[in-house]
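For the record, the sequence lines run as chains A and B.
75 is the number of the first residue of the first sequence in our numbering; add one for each residue after it.
15 is the number of the first residue of the second sequence in our numbering; add one for each residue after it.
Note that beta-carbon positions come from the ideal geometry of N, C-alpha and C, so glycine has one too.
These notes concern the structure reproduced below.
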Amino acid sequence: MRRILSVLLENEPGALSRVVGLFSQRGYNIESLNVAPTDDHSLSRLTLTTSGDDLKIEQINKQLNKLIDVVKVVDLTEGAHVERDLLLVKVRAVGQQRDEVKRTTDIFRGQIIDVGPATYVIQLTGPTEKLDSFVAALGDAEIMEVVRSGVAGMARGEKVLAP
Amino acid sequence: MEQLSGGEMIVRALEDEGVEYVFGYPGGAALHIYDAIFKLDAVPHILVRHEQAATHAADGYARATGKPGVVLVTSGPGATNAITGIATAYMDSIPMVVLAGQVQTHLIGEDAFQETDMVGVSRPIVKHSFMVKRTEDIPSIIKKAFYIATTGRPGPVVIDIPKDLTHPEHKFDYHYPESVTLRSYQPSSRGHTGQIRKAARLLLSAKRPIIYAGGGVIQGEGCELLTTLAQKLNYPVTNTLMGLGAYPGSDRQFLGMLGMHGFYEANMAMHHSDVILAVGARFDDRVTNTVGKFCPGAKIIHIDVDPASIAKIVPVDIPIVGPVQTVLTELLAQIDAHLQGSDREMPEPAALAQWWQQIESWREAHGLWHGRRYGESELAMPQDVIKCLYEVTEGDAYVTSDVGQHQMFAAQYYKFDKPRRWINSGGLGTMGFGLPAAMGIKLALPDAEVACVTGEGSIQMNIQELSTCAQYGTPIKIVSLRNNYLGMVKQWQDMQYEGRYSESHYAASLPDFVKLAESFGHVGIKVEKRDDLEAAMREAFALKDRLVFLDVFVEPHEHVYPMHVAPSGAMKDMWLSKTERT
Ligand SMILES: Cc1ncc(C[n+]2csc(CCOP(=O)(O)OP(=O)(O)O)c2C)c(N)n1
Ligand SMILES: [Mg+2]
């Protein structure tokens, strides 16, 4: 089952490599990983998507907590949460395709943020599945390049992840 | 406030931390620190002959005393040479602080001379590591390193120190912190009372109980409590390879070691138990055999300070996260309350008596000495050498070992009545551990008898330390079981590869160990006949002030039994000799 883990990490040099190293060392997979500082500059926040049965996820959680630089870990998928992924995709946009791509982008409420003579760069945010379906919906258009931020997420309502 | 250079801060901080010995080896990136060691003359330094030995010596020191071992090495090859010892300590949860020199800050990342990314290389085998960025941070980093290494589940901590930050002319205020707190590291201080209550009830309701105790009981100073608990309930106890000595080895309730080369009665009792109390043990694959077949009828209570050890391998019915000492204290109180209250009749006496009867019959049928015979030759059997060592030292020595058949024979035949006496590399299985570890112990405990049980293969992996022992006068006794093979490898080749001895013997290349020992100024004694063994052993231990190398020729084709049937066997499936299995 797919899980989204949110991790508060000391903003120390090498801290991220401990987290990533843990995953490769113990054979856990990482589907996506998103890292950035938070409003508190002593901390980074990671959102990590992975998959596994309950036992595996419990181990991942415990092993993450064991890292000295890890301040807190929550499994967002255990409760109601919101998640967003950012997609940038560059497509070949010429002739008929130019309109077709624009229409699909509008349907998905994406934005064209760069217009070249024969290219578009489209931005779309949303849960992972929405981005997947958008890429699929581009259909015949020639996709030149894709980049995604990886999932970022937080719990709904009052729940917060704080040190 | 006192003004010190980075190098001086390191020495002063070690002094303030109460460090008795630093085991190390100098080199370019560490020279400012070494100069401070010379000038301040505040912490004794032991110059080893190879950095791996520094880590093993510090490790042996830590295992025997319970205090953290301290290592100092230079950058690059000094640091990488220390890696095997750091990994050894990590696998067995040994508190250790390793200070490593690093190239100057401005050279980092440029593939400078003797530059290795020590923090990167050691990352998977440390509890934590620090890269020093500012000289002023040195005291607090050292304090944190000792705190992390020694609390919770102990382990090695590496501090990487660029040379420029130890420069003698750059002085800063020195203050060694009294204590540290880390928001991201708060080891558990007690177990969950509700869980402990449940555990007490389950334990008392057992009909076929067994206590399975590991190295965590020794590390967590829980041996006395565990012994009290076991004796109060009259429950059988088995120890892991790391846990030997946690419960008195010569006591009737002790079933011996469990696992791959565990005692028949210990493995049988585990397999047939209905309640297992696992304390400070981690269900290692060398214990469980095939996990899917592990103790099918047992409910498991697991006490461990590391939550990640619980339910990692085997699902657990009652997990209790907390220090062994506080949890066992509370568990004992709960059990007392039950026994004085309504549960006076627990555990059920008839069931327990029947269980003991069963265990005794296992013990009688296939106890350790079962089926042993002498060959045609005059050679000693390896088991006899350990037995002789046990008798001559009256069971009271600190015994280190290397890795191989000799290690298993030592674990099986030396009955450890006290914790911290059996010192071996259980988790990593590091050949070359025994001699430097014995050296570290003898330095810490000069009045104790320290013996290193080894094989002619393993001893050659750190034999250079005979020179260190000569320099510091550490009169340990080396008992080398010479079977002329990498015996444990040969055993597997006998059992699984139809006796094809691929690279497990040395042709006629072994040194004369007696002369070798003598060349370092030590004493060497060769024992070629079983009949000469006891006299030689007594002679060796009578030479109080000398290192003695006992080169004991043993029967080369002996195997270690019992041995788990693998793959796909359960705990109860064992080879009992070359021809019999359960
Ligand atoms: C550093 C290292 N290399 C290889 C091994 C694999 N190994 C385990 S036991 C053993 C043989 C040890 O031979 P010896 O020291 O003579 O002991 P014996 O088994 O003969 O008693 C080997 C090679 C190991 N444990 N450690
Ligand atoms: Mg050998």
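For B/C237, the enclosing alpha helix (DSSP H) has its first and last residue at C237 to L247. Nearest in C-alpha terms to B/I97, of all of B/P168, B/T444 and B/E378, is B/T444.
The C-beta of A/I142 comes closer than 8 Å to at least one C-beta of chain B.
Not one heavy atom of ligand 2 sits closer than 7 Å to the Cβ of B/N281. Take B/A220, set aside five residues on each side of it, and the residues of its chain with a beta-carbon closer than 7 Å to its own are D288, V289 and P361, in chain order. At a cut-off of 8 Å between beta carbons, B/A325 contacts chain A. Contact annotation for B/I162 against chain A: I142 [CB-CB distance below 7 Å, chain order].
As the crow flies, the alpha-carbon of B/P460 is around 24 Å from that of B/V528. For B/K491, the secondary structure class from DSSP, reduced to helix, strand or coil, is strand. The nearest non-hydrogen atom of ligand 2 is less than 7 Å from the C-beta of B/N497.
Per the coordinates, the alpha-carbon of B/E405 lies some 12 Å from the alpha-carbon of B/L547. Under the 10 Å beta carbon count, B/M110 is surrounded by 16 or more other beta carbons and is classified as buried. B/A295 places its beta carbon 8 Å or farther from that of B/Y199.
Of the heavy atoms belonging to ligand 1, none sits nearer than 7 Å to the Cβ of B/L449.
Linking B/G74 to A/A229 through their CA atoms gives a straight-line distance of about 48 Å. Checking the 7 Å criterion, the Cβ of B/T207 is out of range of every heavy atom belonging to ligand 1.
For B/F563, the enclosing beta strand (DSSP E) stretches over residues V562 to F567.
One alpha carbon belongs to A/D114, the other to B/K141, and they sit about 26 Å apart.
Under the three-state reduction of DSSP, A/V221 is assigned to strand. Against chain B, the CB of A/Q170 has no partner CB under 8 Å away; the residue lies outside that interface.
Within 7 Å of the C-beta of B/E470 there is at least one heavy atom belonging to ligand 2.
Its chain contains E34, Y35 and V36 as the residues whose beta carbon lies nearer than 8 Å to that of B/P58, once the 5 sequence neighbours on both sides are disregarded; these appear in chain order. Two segments are said to touch when three or more pairs of C-beta atoms, one from each, lie closer than 8 Å; by this definition the stretch 135 to 152 of chain A does not touch the stretch 309 to 319 of chain B. Think of a sphere of 7 Å around the beta carbon of A/K130: no beta carbon from chain B falls inside it, the nearest being about 10 Å out. A/K164 sits in a strand when the DSSP states are folded into three classes. A straight-line Cα-Cα distance of about 22 Å links B/R496 and B/L255. Membership of B/C466 in the beta strand (DSSP E) is indicated by the continuous run V464 to G469.
The residues L255, L258, M271, H275, S415, W436 and N438, in chain order, have a CB closer than 8 Å to that of B/A425 in the same chain once the five nearest residues on each side in sequence are set aside. The beta-carbon distance between B/S264 and B/K401, rounded to whole angstroms, is 13 Å. This is too long to meet the 8 Å contact definition. Look at B/P170: its C-beta is not under 8 Å from any C-beta on chain A. Against chain B, the beta carbon of A/E84 has neighbours under 7 Å at S198, listed in chain order.
Taking the C-beta atoms as reference points, A/R158 is found no nearer than 8 Å to A/S125.
Secondary structure note for A/R119: it is in no alpha helix (DSSP H), and the uninterrupted beta strand (DSSP E) holding it is L117 to S125. In the DSSP annotation of this structure, the continuous segment of the beta strand (DSSP E) that includes A/L82 starts and ends at R76 to E84. Around A/S91, the beta-carbon contacts reaching into chain B at under 9 Å are V133, G134 and R137. Residue contact with chain B for A/V145: present (Cβ-Cβ distance below 8 Å to some residue of chain B).
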